[in-house]
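One gets my numbering by counting positions in the sequence shown from 1 and adding 253 to each. Following: one structure in C-alpha cells, then a few remarks.
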Amino acid sequence: MTLESLNKKILKAHEIKDISSLGHLYLRAGKLFVDKGDIDHACFLLTAAYVFCLEAGLAEAEDARAILRNYGREE
254 MTLESLNKKI
264 LKAHEIKDIS
274 SLGHLYLRAG
284 KLFVDKGDID
294 HACFLLTAAY
304 VFCLEAGLAE
314 AEDARAILRN
324 YGREE
C-alpha cells in the first residue's frame, strides 16, 4: 500500500469515526516511517496508533507501545 493510499484510508476512517481502523492504519503508517528511518514522524504516528488502539481495545496497542519504548518515547 502506498503512503497516499494509506493517507486516504486514514482520512476516511476519521470521517466515519472508525476507531479500530484508525488504530490499525496509524500503526501501519508508523511502521512504514520506521522502515524509512524517519523516527520522529514514525513516533508521532505510533502515538496516534497507541491511543486509538487503546480506545478500541485492540491488542495492537502493545505493538505500538513497544516500538515507542524502543525509541525512548514511552517509559
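No residue lacks a Cβ here, since even glycine has one placed at the ideal position from N, Cα and C.
Query	Result
Per-residue DSSP class, three states only, for I272	helix
Cβ neighbour criterion (16 or more within 10 Å) applied to L280	buried
With 16 other Cβ atoms within 10 Å as the buried cut-off, status of L311	buried
Span of the alpha helix (DSSP H) around T300	292-309
Within 8 Å, strictly: CB atoms of S258 and A309	no
Nonlocal neighbours in the same chain, by C-beta distance under 6 Å from I320, ignoring five residues either side	L299
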